[in-house]
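Student: Please see the structure below; I have some questions.
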Amino acid sequence: MPAGWCDLVRWAVRRAGVTSLGGPVRRCVAGAVRSRAAGRCDLAGKPMGSRLRQNYLPRPALPAHDGYVLISDGVIALRPITVADAEAHLAGEDDELARWLNGGRGTLETVVRHFDRCVRRWQDNAAGRTFAVLDVASGTLVGTVDVHTRQPYLIERQANLAYGIYPDWRKRGFATRAVELACRFLAESGLADEAVIRVDPENHASAAVAQRAGFEYSHTSEDDGPIDCYLRCVVERSAP
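As structure tokens, then:
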């Protein structure tokens, strides 16, 4: 077993069978988050405006391993999904994930095809990125988190988060931890100033995760819903 935190993370990655995606992933997180103008996250008067709690994030350096973005809180870790994760993901899919996240039951063929697209999106620095969520103690894949920018339902400098934890790993706070780490990724990479979680009003568990992670209810969209929208500022505002 590893002795220190860095050794622990490296050990978890090795247990997960991580291989390199190369330079594009390293470049997407290079540098620290820049200072934002005061009120950048204040969306008053905009379509998704709300009064936001000043929920700021710590800014530790992002550890990396062989070109992978790796973010950990010591309990779980996020890394880009790989095609090799397909079987474990399919084994973890249940009715809840199929209903709320995946749009129906998958097959090994459809999951492999989807994860192959996810890998290419990471390589191309595309608007959508899918993380594998790992249990650090065992290196086991326990779920996924999707981060999407430049979507028609978002405004400038927003990113949408979608998450799912496999049934054997639920009720341990992993979903909330994964959302927290995804917000940290957005802040550290400079991809967004504000995170958005869109929830079906009947999906009470997902709404509870959003609230535990510091998101605040903004409004309900009827365009493709109803869908409840929760917002959280992920960067520190400059002092007035």
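So the sequence shown is residues 806 to 1045, counted in our numbering. Using N, Cα and C, we set each Cβ at its ideal position, and we do this for glycine too.
1. If I measure Cβ to Cβ from A987 and keep anything under 8 Å in the same chain, skipping five residues before and after, which residues do I get?
2. For D878, collect the residues of the same chain with a Cβ closer than 8 Å to its Cβ; drop the 5 residues on either side in sequence, then sort them by chain order.
3. Comparing alpha-carbon positions, which option in L996, E1021, Y971 lies nearest N930?
4. Assuming V1004 and Y971 are in contact, meaning their beta carbons sit under 8 Å apart, how far apart are those beta carbons, in whole angstroms?
5. Quick check: what's the CA-CA separation for R918 versus D973?
6. What alpha helix (DSSP H) runs, 4 residues minimum, are completely inside the stretch 973-1002?
7. Answer yes or no: do A992 and V1014 have a C-beta to C-beta separation smaller than 8 Å?
8. Can you look up Q956 in the DSSP assignment and give me helix, strand or coil?
9. Can you round the beta-carbon distance between V924 and V888 to whole angstroms, since I take them to be within the 8 Å contact cut?
10. F1020 to S994, Cα distance in whole Å?
11. Using a threshold of 8 Å, state whether the C-beta atoms of V938 and D998 are closer than that.
Tutor: Let me spell this out:
1. Position 182 of the sequence shown holds residue 987. Here the set comprises L883, F936, V950, V952, L966, Y968, A1000.
2. Locating residue 878 in the sequence shown gives position 73, counting from the first residue. If we look at D878 and ignore the five residues flanking it on each side, its Cβ neighbours are R982, E985, L986.
3. The residue labelled residue 930 in the question sits at position 125 within the sequence shown. It is L996.
4. Here residue 1004 refers to the residue found at position 199 of the sequence shown. Here residue 971 refers to the residue found at position 166 of the sequence shown. So it is not a contact: roughly 19 Å between Cβ atoms.
5. Numbered from its first residue, the sequence shown carries residue 918 at position 113. Numbered from its first residue, the sequence shown carries residue 973 at position 168. Straight-line Cα distance between these residues: approximately 25 Å.
6. 979-994
7. Taking the sequence shown and counting its residues from 1, the one referred to as residue 992 is at position 187. Taking the sequence shown and counting its residues from 1, the one referred to as residue 1014 is at position 209. Going by C-beta atoms, A992 is not nearer than 8 Å to V1014.
8. For the purposes of this step, residue 956 is taken as residue 151 along the sequence shown, with counting starting at 1. In the structure shown, Q956 sits in coil (DSSP, three-state: anything other than H, G, I, E or B).
9. In the sequence shown, counting from the first residue as 1, residue 924 sits at position 119. In the sequence shown, counting from the first residue as 1, residue 888 sits at position 83. Going by Cβ atoms, the distance from V924 to V888 rounds to 6 Å, so yes, they are a contact pair.
10. Numbered from 1 along the sequence shown, position 215 holds the residue referred to as residue 1020. Numbered from 1 along the sequence shown, position 189 holds the residue referred to as residue 994. Their backbone Cα atoms lie some 20 Å apart in a straight line.
11. The sequence position of residue 938 within the sequence shown is 133, counting from 1. The sequence position of residue 998 within the sequence shown is 193, counting from 1. No; because the gap between Cβ atoms is not below 8 Å, this pair is not in contact.
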